[in-house]
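**Q** With our numbering, you'll find the sequence shown wraps up at 290, consecutive numbering, no jumps.
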Amino acid sequence: MVANGQNPKTIADCLLIANEQLMAAGIDNPRLDVRLLLAEAISKETSYLFGYPEKILSNEELGHFQMMLNRRLKREPVSKIIGHKEFWSLNFKVSHDTLDPRPDSETLVEAVLENVSDTTQAIKILDLGTGTGCLLLALLSEFQAAQGLGIDISDKALAVAQENAVSLELSNRSVFQTGNWCEGLEHGWDIIISNPPYIGLDEKRTLSPEVLNYDPDLALFAEDNGMKDYQRLIPSAAAILNKNGLLVIEAGQGQAEGINTLMSDAGLVVSSPKKDLGGIPRACIGRKSV
Ligand SMILES: C[S@@+](CC[C@H](N)C(=O)[O-])C[C@H]1O[C@@H](n2cnc3c(N)ncnc32)[C@H](O)[C@@H]1O
């Protein structure tokens, strides 16, 4: 790696020079990105970088790091480069066929836990548009006697979800199946969770290159200002919930009110949406009372 005439050899050199390169390319707060990439390139934990800043890296390690840095300079997200991302303190494989799990979506898991007091019950959980399986598998890690089904229209995403279930040792309680929202699914679910595509087509130009160029369109966009998939799935999900069953749906900014209307039109009793850390109503909550 050669940058501005500097030839990095140590961990400290790499961190410094790569940080400068990413900043010069207009990437905000690159420090964490650089640490994650370098740790992956040398197959160590990020804590190792702090402990051994003077460690001289091999040419092979430097070459691997430079290759990863070049991808980040083209605005590919770190998670897609290193192939995994943390969600709910669990490690998830990601690919170009899956949406990267977002911290905002952890609000849905929190909303479920706040609304279902007994986590020991042998309940049935359905995740519509499962992607990496992050929502379903996070819930199964909390509800230790529960069984879950993850549905997605993308077979490639489902293959990633299945791998995640195996690596998290949850494959004995989860099934992943191709499907179009609730089509063909039977009644009998205690919890239904979903983070469907909800970005309006006219919002494309507001997205960062990391999202627009590297998350699959199938996971991002919905017609009718982003409301189309909510309209499709909420009435059918409400119909297959058990009595007292809970429906928790992720909302885009400004969409919670419309989702709540769809939920109450479908006969659910709606509670106040749970806000994410940015104060945006993120998890819409409906319960079936009859
Ligand atoms: C926003 S992503 C959410 C992924 C994951 N649940 C998460 O929270 O990170 C939406 C997911 O819905 C899937 N999807 C899109 N249309 C669908 C449909 N008609 N039926 C089932 N899944 C669909 C996409 O393939 C994508 O994996």
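Beta carbons are placed, not taken as given, at the ideal position from N, Cα and C, and that holds for glycine.
1. Who are the near neighbours of P101 in its chain, counting only those whose CB is closer than 7 Å to its CB and skipping five residues on each side?
2. Could you check how far apart the C-beta atoms of A237 and I199 are, in whole angstroms? I think they sit under 8 Å.
3. What does the alpha-carbon distance come out to for the pair K323 and L212?
4. Between which two residues does the beta strand (DSSP E) harbouring Q177 extend?
5. Does the beta-carbon of N29, which I'm using as the reference point, lie nearer than 7 Å to any heavy atom of ligand 1?
6. Please list the terminal residues of the continuous alpha helix (DSSP H) segment that includes S236.
7. Pull up the distance between the alpha-carbon of R282 and that of K9, whole angstroms please.
8. Check whether the Cβ of P196 sits closer than 7 Å to any heavy atom of ligand 1, and report yes or no.
9. Is S264 helix, strand or coil by DSSP?
10. Please say whether L113 and S174 have beta carbons closer to each other than 8 Å?
11. Measuring straight from C-alpha to C-alpha, what distance separates V116 and G279?
12. Looking at H187: is its Cβ nearer than 8 Å to the Cβ of I240?
13. Please look up how many angstroms separate the CB atoms of R72 and L22, rounded, as I've assumed it's under 8 Å.
14. Between the Cα of S141 and the Cα atoms of C284, T206 and N172, which residue gives the shortest distance?
15. Under 7 Å: does the beta carbon of P101 sit that close to some heavy atom of ligand 1?
16. In three-state terms, what does DSSP make of L185?
**A** Taking the definition as stated:
1. Looking up residue 101 in the sequence shown gives position 101. Leaving aside the five residues that flank P101 on each side, the residues in its chain whose CB is nearer than 7 Å to its CB run, in chain order, K85, F87, F92, T132 and C134.
2. In the sequence shown, the residue the question calls residue 237 occupies position 237. In the sequence shown, the residue the question calls residue 199 occupies position 199. The beta-carbon distance between A237 and I199, rounded to whole angstroms, is 20 Å. This is too long to meet the 8 Å contact definition.
3. For the chain, the structure presents residues 1 to 290; residue 323 sits outside this window and is missing.
4. Here residue 177 corresponds to residue number 177 of the sequence shown, with the count starting at 1. Q177: member of the beta strand (DSSP E) spanning S174 to T178, first to last residue.
5. By 1-based counting over the sequence shown, the position of residue 29 is 29. Ligand 1 never approaches N29 closely enough for any of its heavy atoms to be under 7 Å from the residue's Cβ.
6. Looking up residue 236 in the sequence shown gives position 236. K228 to I240 is the extent of the alpha helix (DSSP H) around S236.
7. The residue given as residue 282 occupies position 282 in the sequence shown. The residue given as residue 9 occupies position 9 in the sequence shown. Taking the straight line joining both Cα atoms gives about 45 Å.
8. Stepping through the sequence shown from its first residue, residue 196 is reached at position 196. Within the cutoff, so yes.
9. Taking the sequence shown and counting its residues from 1, one reaches residue 264 at position 264. In the structure shown, S264 sits in a helix (DSSP, three-state: H, G or I).
10. Here residue 174 refers to the residue found at position 174 when the sequence shown is read from its first residue. Here residue 113 refers to the residue found at position 113 when the sequence shown is read from its first residue. Judged by beta-carbon spacing, L113 lies beyond the 8 Å limit of S174, meaning their Cβ atoms are not closer than that value.
11. Taking the sequence shown and counting its residues from 1, the one referred to as residue 116 is at position 116. Taking the sequence shown and counting its residues from 1, the one referred to as residue 279 is at position 279. Distance between the alpha carbons of V116 and G279 is about 23 Å.
12. Counted from its first residue, the sequence shown places residue 187 at position 187. Counted from its first residue, the sequence shown places residue 240 at position 240. For H187 and I240, yes; Cβs fall inside 8 Å.
13. Here residue 72 refers to the residue found at position 72 of the sequence shown. Here residue 22 refers to the residue found at position 22 of the sequence shown. That belief holds up - the Cβ atoms of R72 and L22 are roughly 6 Å apart, short of 8 Å.
14. Within the sequence shown, residue 141 is the residue found at index 141, counting from 1. Considering only C284, T206 and N172, the residue with the shortest C-alpha distance to S141 is N172.
15. Position 101 of the sequence shown holds residue 101. Result yes, Cβ under 7 Å from ligand 1.
16. To locate residue 185, count along the sequence shown from 1; it is residue 185. Three-state result, L185: coil.
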